[in-house]
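This report refers to the structure that appears directly beneath it.
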Amino acid sequence: MLSALTALSAALLPAHAAADEHIVGGSPVSVSDHPWVVALASRDRYGEARSGQFCGGALVGPDTVVTAAHCVSPEVLGRNADDPGDLTVIAGRDDLGRDAGREVAVREVRINPGYDPATNAGDLAVLTLTESLPADDAIRVAGAGHPGYTPGTEALVHGWGDTTGSGGYENLLRAAGVRMLADDDCARAYEAVGGGFDAESMVCAAAPQGGQDACQGDSGGPLVAAGALVGLVSWGNGCGDPAYPGVYTRGSLIAELLDQEGRVSD
Ligand code: ARG
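According to mature numbering (1 follows the signal peptide of the UniProt record, and there is no 0), the residues represented by the sequence shown are -17 to -1, 1 to 249, in order.
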């Protein structure tokens, strides 16, 4: 388990991530209140502990989950996504050490054709499940112009990832409260470390004083504001550092891709 988690951290850590990461705050929540929050798991790759969880995802339709493209990259998945192996979506389970809820195999992985692994632009993949989950558990995706994107709007990010910034993986789902950030402010924050924010496909959120943020292992998990999915955890510099906001795959990109594929987007 230790080696699996070390591999996970190495695979998920962006090249420019700071070594001294901070705590990420937040508190336990239940999937019964946020049923669209799902875990991505592979026991073959990550072992039995914590149900094999390695990323998060969001249920956007009965058989459709969206996640970060980098979560299904060969480095993280350990295989080509064309043949997803034992890749599983876990719904209805707060505690990864227990067996509540449902585990549903992934039938097909579609990586956003615009995804650029070198820059993380367009960090989005669409998973088709082998069985349907309740349609009512899905969350609507916030298209462009949705009020959830207004800077300052309160948002909640969910995940089973690192709670310490240094490999503190626990079993319970947590959520952290953050606020949506203006694109210019996020671009400026990352200019200091070589840039990387792309407003076309990314959106940022952070707690004004830091301390509340997503972290390694949360990738692909939902950022929800004004009742809709505005982002998926993608990357950041450290975790919870007030100088560096959390960067998310922009929800409107998800809406566009789902529309193109003729799937429900809201
Ligand atoms: N890349 C990480 C993952 O794969 C997510 C990092 C998010 N970092 C942040 N500071 N918001 O799990």
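Quick reminder that beta carbons are idealized off the backbone N, C-alpha and C, glycines included.
(message) By the three-class DSSP mapping on this structure, what secondary structure does D240 have?
(response) Locating residue 240 in the sequence shown gives position 257, where the first residue counts as 1. Note that residue 240 is Leu in the sequence shown, not Asp. Here L240 sits in helix by DSSP.
(message) Looking at the secondary structure, which residues open and close the beta strand (DSSP E) in which P57 lies?
(response) Here residue 57 refers to the residue found at position 74 when the sequence shown is read from its first residue. First-last for P57: P57 to L60, but that is the alpha helix (DSSP H), not the beta strand (DSSP E).
(message) Short of 8 angstroms in beta carbon distance, which residues of its chain neighbour H129, apart from the five on each side in sequence? Order them along the chain.
(response) Taking the first residue of the sequence shown as 1, we reach residue 129 at position 146. A209, A211, V213, G234 and S235, listed in sequence order.
(message) Considering Cα atoms alone, identify which of R26, G8, E244 and V43 is closest to D119.
(response) Translated into the one-based positions of the sequence shown, residue 119 becomes position 136. The shortest C-alpha separation from D119 is found at V43.
(message) Restricting to Cα atoms, I'd like to know which of V20, G61 and T47 is closest to Y29.
(response) As a first step, residue 29 is located in the sequence shown; it is residue number 46 there, counting from the start. With distances taken between Cα atoms, Y29 lies closest to G61.
(message) On the criterion of 16 or more Cβ atoms from any shown chain inside 10 Å, does H(-2) qualify as buried, or is it exposed?
(response) Here residue -2 corresponds to residue number 16 of the sequence shown, with the count starting at 1. In this prediction, H(-2) scores a pLDDT of 37, lower than 50, which makes its location untrustworthy; the coordinate-derived value is nonetheless stated afterwards. The residue is exposed, with fewer than 16 neighbouring Cβ atoms inside 10 Å.
(request) Measure the beta-carbon distance from L107 to A51 and round it to whole angstroms, keeping in mind my assumption that it falls under 8 angstroms. (result) Along the sequence shown, one-based indexing puts residue 107 at 124. Along the sequence shown, one-based indexing puts residue 51 at 68. With a Cβ gap of about 7 angstroms, L107 and A51 count as contacting.
(request) Please state whether DSSP places C198 in a helix, a strand or coil. (result) Stepping through the sequence shown from its first residue, residue 198 is reached at position 215. In the structure shown, C198 sits in coil (DSSP, three-state: anything other than H, G, I, E or B).
(message) So for G204, helix, strand or coil by DSSP?
(response) Here residue 204 corresponds to residue number 221 of the sequence shown, with the count starting at 1. DSSP places G204 in coil when its eight states are reduced to three.
(request) Specify the secondary structure class of A101 as computed by DSSP and reduced to three states. (result) By 1-based counting over the sequence shown, the position of residue 101 is 118. It is coil, neither helix nor strand.
(message) For F37 and D82, what's the separation of their Cα atoms in angstroms?
(response) For this step, residue 37 is matched to residue 54 along the sequence shown. For this step, residue 82 is matched to residue 99 along the sequence shown. Using only the alpha carbons, I get a separation of about 16 angstroms.
(request) Using DSSP bridges, identify the partner residues of Q36. (result) By 1-based counting over the sequence shown, the position of residue 36 is 53. Looking at the DSSP assignment, Q36 forms a beta bridge with A24.
(request) Would you check whether the ligand ARG has a heavy atom nearer than 7 angstroms to the C-beta of residue 261? (result) Nothing about residue 261 can be reported from this structure: the residues present for the chain run from -17 to 249 only.
(message) Can you look up R171 in the DSSP assignment and give me helix, strand or coil?
(response) Numbered from 1 along the sequence shown, position 188 holds the residue referred to as residue 171. Of the three classes helix, strand and coil, the one that applies to R171 here is helix, per DSSP.
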